[in-house]
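Its first residue numbered 149, the sequence shown is counted upward by one per residue in my numbering.
Taking it in order: structure first as structure tokens, then the write-up.
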Amino acid sequence: MADEREINALLHLLDDPDQEVFDTVADRLVHLGKEIIPSLESVWENTPNEAIQERIEWLIHRVHLQELLAAMKAWAGQPDDLLKGSLLVDKYQYPDLAEEQVLKSIEKLKRNIWLELNNYLTPVEQINVMNGMLYSYFGIKGIESTDKQYRQKNHFFIHQLVESRKGSSIIIGILYQYLCEKLDIPVKAVQIPQQYVLAYFEMEDAPWLYARTPSPQSRIQFFIDPVQGQIYSHKDIETYLKRIDAVETDRYYEPLSNKQIIQKLIRELAKCYPQSEYPNRRYELYHLAALLDD
């Protein structure tokens, strides 16, 4: 952290009309990290100049973005926690998000589902329990991609899903998969084109898996639409692929990694920022997504 005299000198140059001077000052302030934010907020509160306020808001956003890029890069190195990855995406729009309440709500939901499960349920019965708790008890409502509300940013943030009970298929799918993972239910997102679809896989220790190496498709028992929890058969998916003229390939049935899921979430979120209104937001989000490239 710089000393107080340097910080004061930098803050006094925020209104410098010379763009080159301001750019140098901005780079230095951003380099100081989140510790500089209270000072910037204090200047913002005490200046009536809207142009300076806009500069300060831009600087604070840059500081938060720098912190987020570092956090996402660290998560990408060990992407075990899908929920953590989705909460990082929330912090692009809500940098001061308090995660504790979100985590408590999801943990409570997980406990309620666990109480309804037992070792004697079939895969379909397990998913019926999941669906009953998520869509009836918890009240989640999926927003179809054809709905006019679909491109609202809040439908892609997991804390907003927990608060409002409404969200896009991908953010509901992330919550669904996270809960299944914690409850030892083998559900993962797959790469069906133009859709976000979950699949119920055979357990990794299924006896017949030792006999041969199965194709990805043969390991899937059925598919789940996270918008409403509807179950689809292999025939349903084959019919859908024919309808969109997609040539069937094993790749469609491979489970998505956590990094791929969060990358897809970020790219979908980016589409919620119109280029005309937010010229830099899409660039920032695609840069964030690029950190998750394999």
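Ideal Cβ placement from N, Cα and C applies to all residues, glycine included.
All values derive from a computational prediction rather than experimental measurement.
Mind pulling the alpha helix (DSSP H) runs of 4 or more residues that sit fully within the stretch 358-392? For the stretch 358-392, whole alpha helix (DSSP H) runs of length 4 or above, ordered along the chain, are 382-391.
Local conformation of Tyr-344 per DSSP, three classes: Stepping through the sequence shown from its first residue, residue 344 is reached at position 196. Secondary structure at Tyr-344: coil, using DSSP grouped into helix, strand and coil.
How far does the alpha helix (DSSP H) with Ser-190 in it extend, from its first residue to its last? Counting from 1 along the sequence shown, the entry for residue 190 is found at position 42. 185-193 is the span of the alpha helix (DSSP H), which, as asked, contains Ser-190.
Taking a contact to mean a Cβ-Cβ separation below 8 Å, would you say Leu-162 touches Ile-204 in this structure? Position 14 of the sequence shown, counting from 1, holds the residue named residue 162. Position 56 of the sequence shown, counting from 1, holds the residue named residue 204. It is a contact, given that the beta carbons lie within the stated cut-off.
Does the distance from the C-beta atom of Phe-304 to that of Leu-413 stay below 8 Å? Locating residue 304 in the sequence shown gives position 156, counting from the first residue. Locating residue 413 in the sequence shown gives position 265, counting from the first residue. Leu-413 sits close to Phe-304, with the two beta carbons spaced by under 8 Å.
Contact the stretch 283-291 vs the stretch 309-320: 3+ CB pairs below 8 Å: The stretch 283-291, when compared against the stretch 309-320, does touch it at the 8 Å Cβ threshold.
I need the straight-line Cα distance from Tyr-268 to Glu-183, nearest angstrom please. As a first step, residue 268 must be located in the sequence shown, where it is residue number 120. As a first step, residue 183 must be located in the sequence shown, where it is residue number 35. Roughly 54 Å separates the two Cα atoms.
Are the stretch 385-401 and the stretch 208-225 in contact at 8 Å, needing three or more beta carbon pairs? Contact between the stretch 385-401 and the stretch 208-225 is absent, with fewer than three C-beta pairs closer than 8 Å.
Could you give the distance in angstroms between the alpha-carbon of Glu-386 and the alpha-carbon of Glu-247? Indexing the sequence shown from 1 puts residue 386 at position 238. Indexing the sequence shown from 1 puts residue 247 at position 99. C-alpha separation (whole angstroms): 40 Å.
Those residues which DSSP pairs with Ile-291 across a bridge: Against the sequence shown, residue 291 aligns to sequence position 143. Ile-291 is bridged to Ser-316.
Exposed or buried, which one is Gln-339 when buried takes at least 16 other CB atoms within 10 Å? For the purposes of this step, residue 339 is taken as the residue at position 191 of the sequence shown. Taking all protein chains shown into account, Gln-339 has 16 or more neighbouring C-beta atoms within 10 Å of its C-beta and is therefore buried.
Ignore the nearest five residues each way along the sequence and tell me which others in Tyr-431's own chain have a CB closer than 6 Å to its CB. Counting from one through the sequence shown, the residue named residue 431 turns up at place 283. Answer for Tyr-431: no residue qualifies.
Contact defined as beta carbons within less than 8 Å: I believe Asn-302 pairs with Met-281. What is the distance between those atoms, to the nearest angstrom? Your numbering for residue 302 matches position 154 in the sequence shown. Your numbering for residue 281 matches position 133 in the sequence shown. That pair is no contact at about 23 Å.
Quick check: the Cα distance between Lys-419 and Arg-299, rounded to an integer number of angstroms? Walking along the sequence shown from the start, residue 419 turns up at place 271. Walking along the sequence shown from the start, residue 299 turns up at place 151. If you take the alpha carbons of Lys-419 and Arg-299, they lie about 7 Å apart.
Bridge-paired residues (DSSP) for Val-338: Along the sequence shown, read from residue 1 onward, the residue named residue 338 stands at position 190. Val-338 pairs with Val-345 and Pro-403.
Nearest residue (CA-CA) to Ser-253, options Leu-327, Leu-180, Thr-195 and Lys-221: Position 105 of the sequence shown, counted from the start, is the residue given in the question as residue 253. Looking at the Cα atoms, Leu-327 is the closest of the given residues.
Among the residues of its own chain, which have a CB less than 8 Å from the CB of Phe-349, if the five just before and after it don't count? Working through the sequence shown from its first residue, we reach residue 349 at position 201. Once the five neighbours on either side are set aside, the close Cβ partners of Phe-349 are Pro-334, Val-335, Lys-336, Arg-367, Ile-368, Gln-369 and Pro-403.
Between the Cα of Ile-379 and those of Leu-231, Val-345 and Ser-363, spot the shortest distance and give me the residue it belongs to. To locate residue 379, count along the sequence shown from 1; it is residue 231. Its Cα nearest to that of Ile-379, the residue Val-345 stands out among Leu-231, Val-345 and Ser-363.
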